[in-house]
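Report on the following structure.
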Amino acid sequence: MTDEQQTVDQHLWRLFDSLRGRLSSNELADSLLWNAVDWRTRATGLPAPEIDIMQLAAQHVRKLNPALDPTLEGEQELLQTYTPAQIRRYARTLLRPVHQHDELATSASLVKVAEATLTSYERGGRTDALHLYDPACGSATLALDVAESLTDQAGVPVIIAGQDISSSTVQRARAHAYLVGADAAFSLSNSLEEDAFPGRQFDYTVAEIPYNMSWHSSLASCSAEAERLDGRFPAGLPQLNNASLLFAQILLSKLREPADGGGRGIMFTATGPLSDTGGSAIRTWLLEQDLLDAVVALPEGLSANTSIRLFALVFSNGKPKARRRKVQFIDLRGFYEDVRSRWLERRTISDAALDELSRSLKQPKPTPYSRTASASDLSFRRVSVMHDTTAATGKPGQGHVPSLTILLPVTSSIETWRNARYVTTPPDVSDVANSQLTMFDVDRVFRTDRPPRALRDLTQHGWKTARLTELAQHICYVPSAKAADRPAKLSSASGEPALILPIEPHLDAVTGDPGEVAPDNRILVVQTRDKHADADYLAGWLNSPLGRKLRSAAASSGSDSYVSPRGFNLTQAWRMADDLLIALPDLPVQRDMARTERALGAARRHLVDSHRELWNDPRKRSDIYREASRLIPSADLAQWAATLPFPMASALWAYESKGDSNLHARHAQMFHFWDATIQFHATVLLSGLLQDRSGLEQELPALAAQFSKVGLSPERASLGVWHIVLQRLTKRYRTAVTGTDTDEQARVRATFADAPPDFMDTLLSTDVTNLFGEVIHLRNTWSGHSGATSEDSFREQLGILTGHVHTLRNLIGAGWLDFPLVRAGGARIRNGVFHHEVDLAVGPNTPFKQEQFPSNLALEEDGLYLVSREGGGALPLAPLVKLQPAAFGANSDCYYYNRLQTNGMRFVAYHEAAKSETLTAAVPTAALVAALTSGVPASQ
1 MTDEQQTVDQ
11 HLWRLFDSLR
21 GRLSSNELAD
31 SLLWNAVDWR
41 TRATGLPAPE
51 IDIMQLAAQH
61 VRKLNPALDP
71 TLEGEQELLQ
81 TYTPAQIRRY
91 ARTLLRPVHQ
101 HDELATSASL
111 VKVAEATLTS
121 YERGGRTDAL
131 HLYDPACGSA
141 TLALDVAESL
151 TDQAGVPVII
161 AGQDISSSTV
171 QRARAHAYLV
181 GADAAFSLSN
191 SLEEDAFPGR
201 QFDYTVAEIP
211 YNMSWHSSLA
221 SCSAEAERLD
231 GRFPAGLPQL
241 NNASLLFAQI
251 LLSKLREPAD
261 GGGRGIMFTA
271 TGPLSDTGGS
281 AIRTWLLEQD
291 LLDAVVALPE
301 GLSANTSIRL
311 FALVFSNGKP
321 KARRRKVQFI
331 DLRGFYEDVR
341 SRWLERRTIS
351 DAALDELSRS
361 LKQPKPTPYS
371 RTASASDLSF
381 RRVSVMHDTT
391 AATGKPGQGH
401 VPSLTILLPV
411 TSSIETWRNA
421 RYVTTPPDVS
431 DVANSQLTMF
441 DVDRVFRTDR
451 PPRALRDLTQ
461 HGWKTARLTE
471 LAQHICYVPS
481 AKAADRPAKL
491 SSASGEPALI
501 LPIEPHLDAV
511 TGDPGEVAPD
521 NRILVVQTRD
531 KHADADYLAG
541 WLNSPLGRKL
551 RSAAASSGSD
561 SYVSPRGFNL
571 TQAWRMADDL
581 LIALPDLPVQ
591 RDMARTERAL
601 GAARRHLVDS
611 HRELWNDPRK
621 RSDIYREASR
631 LIPSADLAQW
641 AATLPFPMAS
651 ALWAYESKGD
661 SNLHARHAQM
671 FHFWDATIQF
681 HATVLLSGLL
691 QDRSGLEQEL
701 PALAAQFSKV
711 GLSPERASLG
721 VWHIVLQRLT
731 KRYRTAVTGT
741 DTDEQARVRA
751 TFADAPPDFM
761 DTLLSTDVTN
771 LFGEVIHLRN
781 TWSGHSGATS
791 EDSFREQLGI
801 LTGHVHTLRN
811 LIGAGWLDFP
821 LVRAGGARIR
831 NGVFHHEVDL
841 AVGPNTPFKQ
851 EQFPSNLALE
861 EDGLYLVSRE
871 GGGALPLAPL
881 VKLQPAAFGA
891 NSDCYYYNRL
901 QTNGMRFVAY
911 HEAAKSETLT
921 AAVPTAALVA
931 ALTSGVPASQ
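Counted from 1, the sequence shown has number 350 at position 350 by the numbering used here; the numbering is strictly sequential.
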């Protein structure tokens with residue numbers, strides 16, 4: 001919003017507030033709108049538009065409220081001083097006052113999406129006027145604003161035509177167009193029943209129709225027109241409760257013929273018309289006629305009248321050759337900002353979203369937010385999957401497991417799909433009759449079946465990946481203890497050892513007789529196929545961190561909506577099992593793994609007993625210490641260092657390079673490694689926060705207040721400062737990622753440049769944050785110890801810290817290789833993609849290895865970024881860590897921000913650098929530190 005626009009908004013808000021209680025918002029808005037029309041008529045001598053109803057209503061309000069006259073006269077004087085842009089803003093704001101009109105009010109966000117979409121396509125060589133049509137124009141905000149943007153782009157006027165069924169709305173549209181000087185005609189008519197502009201064709205069509213609107217009252221008229229060869233509904237009629245696909249056909253019917261240059265349209269719609277059964281034939285027609293160019297998924301809460309998710313359907317009847325028989329899908333669900341309470345919308349579209357939208361339409365290359373699908377891949381058929389597994393149903397005798405219905409693209413071979421999905425015991429798969437369905441499913445287009453990195457690593461050792469359904473000989477679903485039928489179900493499953501899998505992923509899977517060991521929760525009892533799987537191994541796998549993650553994913557994949565525990569049944573449990581991936585080595589390896597898991601369990605119990613015994617009988621402390629010390633791993637960490645970002649790896653390498661002869665230096669360098677690691681993780685989280693303006697405005701005051709509460713300040717950074725950052729931001733993003741708001745999940749992905757999911761799991765892990773907290777506690781405890789520390793104490797402390805390093809290694813693994821740190825060099829642009837030369841700042845040594853990295857965005861030369869190898873995204877690293885010399889290709893040392901001094905920003909090295917510290921102006925660092933200290937974001 002410009003300063004001019006903000007001035008208009010603030011003036012009108014004050015005016016509405018001053019008259020609150022004397023007039024309704026709608027009465028005042030209409031009076032001011034008529035008053036502005038009256039001013040323009042007097043100022044220009046142009047004839048007033050046909051808005052007699054509005055005029056009479058405004059005169060009635062003035063008659064009842066004579067005290068309003070001075071206000072209206074003052075408004076006319078103010079209008080005399082306004083620029084054309086301010087007059088446009090004045091009219092737009094009056095059409096969307098603090099309390100909305102009864103009719104649909106198009107939000108500024110949706111207007112911006114339409115503008116960015118339609119102006120992304122170049123129209124060359126036109127010197128005559130363009131024409132735009134809106135069949136559900138409302139107060140014409142969408143049509144008028146889009147027309148202005150098209151005029152700015154093409155340099156020619158845009159003539160507008162619109163229809164609406166409401167007389168008051170049409171009059172507001174006419175007043176709106178008159179005030180902004182647009183060439184427009186608006187008809188009071190029902191677009192579903194009548195074409196108010198027969199014979200006219202348009203370069204552009206736009207529409208935001210009432211969402212999920214029934215068209216039952218127009219059934220007879222629409223049915224008759226659908227029968228005509230020259231009618232506007234050649235694809236037929238959708239289901240009666242949603243008119244969206246009727247309007248889609250109207251928009252297309254009014255586009256200029258391809259031979260005459262063709263046209264483009266955009267329509268905003270809710271989810272139903274993209275996937276409902278009743279609209280499948282119309283969607284099929286859109287693909288067969290090659291009229292759908294793009295589907296854009298938008299954040300929830302952009303519309304004033306609803307919080308439901310909206311999509312933009314982009315139409316074209318003259319696609320260029322490269323886009324024919326294809327549909328582009330663009331996912332903007334994570335690109336939004338939270339808005340002030342005075343606004344009608346809950347969220348607004350971000351500038352980054354509009355940039356991404358425009359860039360994706362101009363260069364339809366695959367990115368984290370853009371995918372192009374073949375039209376043939378958007379039509380599906382249902383197949384029935386039947387496993388050779390029996391099930392206890394609670395009725396006499398054993399039944400068969402439920403068949404599972406799965407959607408496959410019509411182009412997919414059943415046999416190929418089955419053999420790829422099921423590797424040990426393929427089920428019977430057959431087509432479901434008359435089940436073809438065309439859908440525009442954004443999630444399906446963007447979904448990847450690629451398993452997590454850890455599971456892929458296991459397959460490199462020769463392990464297979466199976467689904468639990470393949471390994472099941474017999475199953476029984478047992479509800480929770482509160483269910484009346486639990487005793488009967490549990491009895492039917494008891495008597496033989498089995499795998500007992502709780503539906504809730506946080507509960508342990510166990511083996512044994514269900515009647516003896518089953519928990520009170522919902523469970524799936526599985527008797528396994530002995531030739532493929534060992535039940536004890538399966539329990540261990542399902543209880544592992546990766547197994548629990550896959551259980552959680554499977555539990556949420558069985559239904560498109562929330563299913564209450566009471567509504568959960570055998571079919572849903574079986575679907576969950578079919579989505580649950582199992583890493584499956586050969587049987588001898590499974591048995592070895594199960595034996596090792598039992599040994600670890602016994603060791604854990606023994607350690608608990610030893611801890612209890614230590615305090616019951618302190619005389620055994622030496623024996624217990626020696627026994628526990630043998631469990632601490634050796635300090636060979638060089639191989640892991642090669643996978644870490646240079647700022648962490650260089651500090652770890654410096655520790656590894658110090659021999660046991662200098663115990664004090666080794667002890668000090670161990671803490672330097674933790675300093676580097678903790679601050680680097682905090683820096684990455686702040687890097688993400690800096691990409692989310694509204695998130696930054698929410699979090700900075702809370703962070704500043706928390707620093708102040710405990711007597712800390714980012715101006716004199718300490719591990720305590722970085723730990724507060726870690727605790728607060730990991731909780732924020734973890735809550736979003738694990739919550740039910742898919743927009744919040746997408747927002748986190750966009751914030752972190754579409755970092756790989758495995759990496760995000762590690763970055764946001766409570767185990768990692770808690771481990772950092774434990775190290776900080778140990779440091780504070782040991783550094784506060786009075787007197788000299790003996791060498792034995794140093795060795796003991798190093799042993800503890802070394803164990804913590806190995807714990808960190810087990811938690812992080814090689815995850816940083818999926819989201820490596822790079823220093824950007826020069827770039828070349830090919831096909832709209834930036835191909836950057838980068839220094840790969842990974843591992844402990846310099847000079848860095850150089851690679852070429854394709855990016856969707858231009859990277860600042862010599863800047864530090866974390867990059868997604870798969871997605872092409874890049875996250876600028878917050879200016880709390882720097883390489884010096886900074887130039888691309890240089891042999892650099894690493895420095896971390898330490899404190900603010902009167903003569904500059906102090907940075908320190910945590911490895912053996914040419915200088916142990918540097919002092920620099922570091923303006924970006926100073927701005928970030930000031931923002932963290934004050935709680936006020938730096939101005940952009």
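Glycine residues also receive a C-beta, built at the ideal position from the N, C-alpha and C atoms.
- Excluding the 5 residues flanking it on each side, leucine 471 has same chain C-beta neighbours closer than 6 Å at Thr528, Arg529, His532, Ala533, in chain order.
- Between the alpha carbons of lysine 326 and arginine 869 lies a gap of roughly 26 Å.
- A straight line joining the alpha-carbon of leucine 798 with that of tryptophan 615 spans about 24 Å.
- Taking alanine 147 as the centre and dropping the five residues before and after it, the same chain places the C-beta of Leu132, Val158, Ile160, Ala182 closer than 7 Å to its C-beta, in chain order.
- In the same chain as proline 701, and ignoring 5 residues on each side of it, the C-beta atoms closer than 7 Å to its own belong to Gly935, in chain order.
- Annotation for isoleucine 266: the continuous beta strand (DSSP E) segment containing it runs 264-269.
- Beta-bridge annotation (DSSP): glutamine 852 is paired with Glu837.
- For the options Pro258, Ser374, Glu115, the alpha carbon positioned closest to that of lysine 319 is the one of Pro258.
- Beta bridge pairing from DSSP links histidine 474 with Thr390, Gln527.
- Out of Ser494, Ser253, Ser223, the CA that lies nearest to the CA of aspartate 195 is found in Ser253.
- Annotation for isoleucine 51: no beta strand (DSSP E) segment contains it, and DSSP assigns it neither H nor E.
- If only uninterrupted beta strand (DSSP E) runs of at least 3 residues are considered, those enclosed by the region 476-521 are 498-502, 510-512.
- A Cβ-Cβ separation of about 11 Å leaves glycine 334 out of contact with alanine 753 under the 8 Å criterion.
- If you draw a straight line from the Cα of glutamine 691 to the Cα of serine 544, it is about 34 Å long.
- In this structure, the straight-line span from the alpha carbon of glutamine 639 to that of arginine 809 is close to 11 Å.
- Annotated three-state conformation of cysteine 137 is coil, per DSSP.
- Put simply, of Trp215, Leu408, Ile209 the residue whose alpha carbon is nearest the alpha carbon of leucine 313 is Ile209.
- For glutamate 337, the pairing in a beta bridge is given by DSSP as Thr348.
- Between the beta-carbon of glycine 863 and that of alanine 824 there is about 5 Å, and that keeps the pair under the 8 Å contact cut.
- Restricting attention to Gly495, Ile829, Asp536, the CA atom closest to the CA of valine 510 is found in Asp536.
- Fully enclosed alpha helix (DSSP H) runs of no fewer than 4 residues occupy 219-227, 244-253 of the region 189-254, in order along the chain.
- Secondary structure of alanine 926 (DSSP, three-state): helix.
- DSSP places lysine 709 within a helical segment (H, G or I) once states are collapsed to three.
- Using a C-beta cut-off of 8 Å, the region 457-464 makes no contact with the region 498-513, since fewer than three inter-stretch Cβ pairs fall below that distance.
- Every unbroken stretch of the alpha helix (DSSP H) spanning 4 or more residues and falling wholly within the region 271-305 is given here in chain order: 272-275, 280-288.
- Taking 8 Å as the upper bound for CB-CB distance, alanine 207 and leucine 179 are not in contact here, some 22 Å apart.
- Counting along the chain, the unbroken beta strand (DSSP E) around methionine 905 starts and ends at 904-908.
- For leucine 32, the enclosing alpha helix (DSSP H) covers residues 25-44.
- Within the model, the alpha-carbon separation for threonine 769 versus isoleucine 678 is close to 9 Å.
- A Cβ-Cβ contact shorter than 8 Å links glycine 138 with threonine 169.
- Look at the beta carbons and you see the region 426-439 touching the region 377-395: at least three pairs across the two are nearer than 8 Å.
- Counting of Cβ neighbours within 10 angstroms places asparagine 856 among the buried residues, the total reaching 16 or more.
- Taken in chain order, the whole alpha helix (DSSP H) runs of length 4 or more contained in the region 60-126 are 69-81, 84-95, 108-118.
- For phenylalanine 16, the secondary structure class from DSSP, reduced to helix, strand or coil, is helix.
- Taking 8 Å as the cut-off, the Cβ atoms of arginine 747 and tyrosine 422 do not count as close.
- A straight-line Cα-Cα distance of about 19 Å links glycine 278 and leucine 408.
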